[in-house]
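Numbering-wise (the numbering used here), the sequence shown opens with residue 598 and increments by one.
Idealized CB from N, CA, C, for every residue including glycine.
Please read all numbers here as calculations on a predicted model, not as lab measurements.
The structure appears below as structure tokens.
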Amino acid sequence: MCRHFAYLGRSVALRSVLLDPPFGPLRQSWAPRLQRHGTVNVDGYGVGWYAEGDERPARYRREGPIWADGDLADLARVVRSHAVLGAVRSATPGCAPGPQAAAPFAAGRWLFSHNGILPGWPGAFEPLAELVPTSELLELEARTDSALLWAVVLNRLRAGVELGKALAEVCLAASELADSRINLLATDGRCVVATAWGDTLFHRRDADGSLLVASEPFDDGPGWSEVPDRTLLVADAAGSALTPLAPIGPRTREDAPL
Ligand code: GLN
């Protein structure tokens, strides 16, 4: 399982969320503390961020371990942003390698990451792929389960569904096809939305209103709260809300969210 995070708040240097925290993404690439599946995250990494006055984010993604990138420290020192989403990847066997397979995935004003696995992918997830027109499937950035989830989420977003609802719907739809781990994370630069489904997720709100959402705490300081499993987190400058995702009572195909 990968580790991912998002930040929203006052403008900060990328390094303060990506490289500096004692147990942040850099450290999590070789010594995650709470990762339930896999040991290290060395199959790629990426970070996306928003510049002032531009609603479309920039991205930087590479293959391999984040610590081996001699250029990232300079970049992360001088680039500042009020909204950041990043990930370090532990590739699932059978999923494509390469920078295109590393989160964040992006389109328009959105950034997206998936930490987890769709067991039996791709065959078992044909019903999910069928929700997306072939032309959109052909746009998949990489042959991975995560890229398929992103294609379905993006299809919902382009249909006008808001970010939290899109993630919840796709998470539930995927969960019905196999015993999947579907920890999704997305932002539009104004709000951060995440699902906890099969792995850890934490959030922290600082006194200045800044928000961190991450697979695991970046430090041993106070303020981190764990998001319960099978829960949707929706957060923006105004506050955070948690909503249970697990359906209550027996479900039928007719109840299917998509
Ligand atoms: N299955 C996804 C991939 O291979 C995510 C992997 C993970 O969470 N470790 O990229």
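Margin query: For the structure I just gave you, are there three or more beta carbon pairs, one from the stretch 680–687 and one from the stretch 763–774, closer than 8 Å?
Written below: no
Note to self: Looking at the ligand GLN, does it come within less than 6 Å of D742, judged from the CB to the closest heavy atom?
What the structure shows: What you label residue 742 is simply residue 145 of the sequence shown in a count that begins at 1. The nearest non-hydrogen atom of the ligand GLN is less than 6 Å from the C-beta of D742.
Check: Going by beta carbon distance, what residues of the same chain come within less than 6 Å of L751, once the five residues before and after it are set aside?
Finding: Indexing the sequence shown from 1 puts residue 751 at position 154. If we look at L751 and ignore the five residues flanking it on each side, its Cβ neighbours are A704.
Notebook entry, point to check: Who are the Cβ neighbours of A853 in its own chain at under 6 Å, not counting the five residues just before and after it?
Noted result: In the sequence shown, residue 853 corresponds to position 256, counting from 1. At A853, the pLDDT of 45 sits below 50, so the modelled position is not reliable; the number obtained from the coordinates is stated separately. Cβ neighbours of A853 beyond the five flanking positions: none.
Check: the ligand GLN heavy atoms versus the CB of N712: any closer than 6 Å?
Finding: On the sequence shown, position 115 is the one that residue 712 refers to. It does: the Cβ of N712 is within 6 Å (strictly closer) of some heavy atom of the ligand GLN.
Notebook entry, point to check: When you compare only the Cα positions, how much space is there between G621 and A771?
Noted result: Within the sequence shown, the letter at position 24 stands for residue 621. Within the sequence shown, the letter at position 174 stands for residue 771. Using only the alpha carbons, I get a separation of about 29 Å.
Next item on the list: Assign A670 to buried or exposed, taking buried as 16 or more other Cβ atoms, counted over all protein chains shown, within 10 Å of its Cβ.
Entry: Looking up residue 670 in the sequence shown gives position 73. Exposed: under 16 other Cβ atoms inside 10 Å.
Checklist line | Y647 versus D640 - alpha carbon distance | finding: Against the sequence shown, residue 647 aligns to sequence position 50. Against the sequence shown, residue 640 aligns to sequence position 43. Those two C-alpha atoms are separated by around 25 Å.
Check: What are the boundary residues of the beta strand (DSSP E) that includes G683?
Finding: By 1-based counting over the sequence shown, the position of residue 683 is 86. Looking at the DSSP string, the run of the beta strand (DSSP E) that includes G683 is 677–685.
Item checked: CA nearest to the CA of G756, picked from A775, S613, L728, E813 -> The residue given as residue 756 occupies position 159 in the sequence shown. Checking the sequence, you will find Ala at residue 756 rather than Gly. When C-alpha distances from A756 are compared across A775, S613, L728, E813, the shortest belongs to L728.
Notebook entry, point to check: Would the beta-carbon of C692 be found less than 6 Å away from any heavy atom of the ligand GLN?
Noted result: Against the sequence shown, residue 692 aligns to sequence position 95. It does: the Cβ of C692 is within 6 Å (strictly closer) of some heavy atom of the ligand GLN.
Note to self: Quick check: what's the CA-CA separation for L754 versus W718?
What the structure shows: Taking the first residue of the sequence shown as position 1, residue 754 is located at position 157. Taking the first residue of the sequence shown as position 1, residue 718 is located at position 121. If you take the alpha carbons of L754 and W718, they lie about 23 Å apart.
Check: What distance in whole Å lies between the Cβ atoms of A791 and L830, which are believed to be in contact at a cut-off of 8 Å?
Finding: The residue you call residue 830 lines up with position 233 of the sequence shown. The residue you call residue 791 lines up with position 194 of the sequence shown. Correct: roughly 5 Å between the Cβ atoms.
Margin query: With H, G and I counted as helix, E and B as strand and the rest as coil, what does DSSP make of V609?
Written below: Here residue 609 is taken as the residue at index 12 of the sequence shown, counted from 1. V609: strand per DSSP, three-state reduction.
Item checked: Heavy atom of the ligand GLN within 6 Å of T792 beta-carbon -> As a first step, residue 792 is located in the sequence shown; it is residue number 195 there, counting from the start. No, the beta carbon of T792 sits no closer than 6 Å to any heavy atom of the ligand GLN.
Next item on the list: Assign P654 to one of two classes, buried (16 or more other C-beta atoms within 10 Å of its C-beta) or exposed (fewer than that).
Entry: Position 57 of the sequence shown holds residue 654. Flag for P654 reads buried.
Notebook entry, point to check: How far does the alpha helix (DSSP H) with T731 in it reach, from first residue to last?
Noted result: For the purposes of this step, residue 731 is taken as residue 134 along the sequence shown, with counting starting at 1. Start and end: 731–734.
Next item on the list: Please work out which residues of its chain come closer than 8 Å, Cβ to Cβ, to Q625, disregarding the five sequence neighbours upstream and downstream, and give them in chain order.
Entry: Residue 625 sits at position 28 when you count from the first residue of the sequence shown. For Q625, where only same-chain residues beyond five positions count, the Cβ hits under 8 Å are R600, Q632, N638, V685, S812, E813.
Check: Are the Cβ atoms of G645 and L808 separated by less than 7 Å?
Finding: Reading the sequence shown from its first residue, position 48 is the one you call residue 645. Reading the sequence shown from its first residue, position 211 is the one you call residue 808. Not closer than 7 Å, so no.
Margin query: Using the three-state DSSP reduction, which class does I845 fall into: helix, strand or coil?
Written below: Counted from its first residue, the sequence shown places residue 845 at position 248. Caution is warranted here: a pLDDT of 48 is assigned to I845, below 50, making its placement in the model unreliable, and the coordinate value is therefore given only provisionally. In this structure, I845 counts as coil in the three-state DSSP scheme.
Next item on the list: On a CA-only basis, which of G806, R802, P825 is nearest G818? Give me that one, please.
Entry: The sequence position of residue 818 within the sequence shown is 221, counting from 1. Among G806, R802, P825, the Cα nearest to that of G818 is on R802.
Note to self: Less than 6 Å separating the Cβ of S772 from some heavy atom of the ligand GLN?
What the structure shows: Here residue 772 is taken as the residue at index 175 of the sequence shown, counted from 1. For the ligand GLN, no non-hydrogen atom lies closer than 6 Å to the CB of S772.
Check: Cβ atoms of D666 and R674: under 7 Å apart, would you say?
Finding: Here residue 674 corresponds to residue number 77 of the sequence shown, with the count starting at 1. Here residue 666 corresponds to residue number 69 of the sequence shown, with the count starting at 1. Cβ atoms of R674 and D666: not closer than 7 Å.
Next item on the list: Label D796 either buried or exposed according to how many other C-beta atoms from any shown protein chain fall within 10 Å of its C-beta, with 16 as the threshold for buried.
Entry: Looking up residue 796 in the sequence shown gives position 199. The residue is buried, with at least 16 neighbouring Cβ atoms inside 10 Å.
Note to self: Quick check on P629: buried or exposed, where buried means 16 or more other Cβ atoms within 10 Å of its Cβ?
What the structure shows: Counting from 1 along the sequence shown, the entry for residue 629 is found at position 32. It is buried - the Cβ of P629 has at least 16 other Cβ atoms within 10 Å.
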